[in-house]
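*Asks:* Residue numbers (my numbering): 37 to 172.
Every residue gets a Cβ at the ideal spot worked out from N, C-alpha and C, and that includes glycine.
From a predicted model like this one, the values you see are computed outputs, not experimental measurements.
Dropping the structure in here first, questions after.
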Amino acid sequence: MPRKKTWNEKLATGSLKIEPVDKAFAGLKLGQMMLIATPRIVRDYIAAVPRGQSRSIAQLRDDLARAHSAEVTCPMTTGIFVRIAAEAALEDLASGKKPSEITPFWRVVDVKSPLAKKLSCGPDFIAHQRAAENLV
C-alpha cells in the first residue's frame, strides 16, 4: 500500500486552470470564467495577509480571480486548498517552527467555520492566534 502524502507534499501539487463554469453552482453562473487555483497559490495569498489583518474566504476568492484575470474562483477547490495550506503549516509547527514562521492560516479561517473544526489544531488554536493579533 502506498504511503499517504504529507500535507506539505499535497501543497506542492496542481496547476492553475481557468475554464468556463459548465453548470451554475454555489452562486457561480454558467459560462463565467473560473479560476481553479493551486494549494501554493492559496498558501501564498494567505502568507501575504499582514499581521493584524484578516481576509474572508470570499475576499480571498475575489482577489485571486482578479489577480488571474478570471471572473470567479472555484469555491470548492479553494476550501480544499485552504485546508491543505493550514495543515501544511501545522506540520511545520509540529516539526519545530514557531507560529511566526508558518503560514498564518488563522487570518483567513474563521473560528466558527466548519473548516476550523476539521483542522487538526481545532478552533482553539485559531482563536488563540487571532486573539494574539487582535483579530475579531
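I need the boundaries of the alpha helix (DSSP H) containing residue 71, first residue and last residue.
*Replies:* Mapped onto the sequence shown, residue 71 falls at position 35. Unbroken run through residue 71 is the beta strand (DSSP E), 69-72; no alpha helix (DSSP H).
*Asks:* In chain order, what residues of the same chain lie with their CB nearer than 8 Å to the CB of residue 92, ignoring the 5 residues before and after it?
*Replies:* On the sequence shown, residue 92 is found 56 positions in, with the first residue counted as 1. Counting only Cβ-Cβ distances below 8 Å, and skipping sequence neighbours, we find 144 and 146.
*Asks:* Does the count of Cβ pairs from the segment 111-118 and the segment 73-89 closer than 8 Å reach three?
*Replies:* Yes, since at least three Cβ pairs between the segment 111-118 and the segment 73-89 fall closer than 8 Å, the two stretches touch.
*Asks:* Assign residue 64 to one of three DSSP states: helix, strand, or coil.
*Replies:* Looking up residue 64 in the sequence shown gives position 28. Reduced to three states, the DSSP call for residue 64 is strand.
*Asks:* How close, in whole Å, do the beta carbons of residue 126 and residue 135 come, if the pair is a contact with beta carbons under 8 Å?
*Replies:* Taking the sequence shown and counting its residues from 1, one reaches residue 126 at position 90. Taking the sequence shown and counting its residues from 1, one reaches residue 135 at position 99. No, residue 126 and residue 135 are not in contact; Cβ-Cβ is about 10 Å, not under 8 Å.
*Asks:* What are the partner residues of residue 108, as DSSP defines its beta bridges?
*Replies:* As a position in the sequence shown, residue 108 is number 72, starting the count at 1. According to DSSP, which records beta bridges pairwise, residue 108 is partnered with 70.
*Asks:* Nearest-angstrom Cα distance between residue 124 and residue 170?
*Replies:* Position 88 of the sequence shown, counted from the first residue, corresponds to residue 124. Position 134 of the sequence shown, counted from the first residue, corresponds to residue 170. Using only the alpha carbons, I get a separation of about 24 Å.
*Asks:* The alpha helix (DSSP H) spanning residue 54 covers which residue range?
*Replies:* Counting from one through the sequence shown, the residue named residue 54 turns up at place 18. Residue 54 -> not in any alpha helix (DSSP H); beta strand (DSSP E) instead, spanning 53-56.
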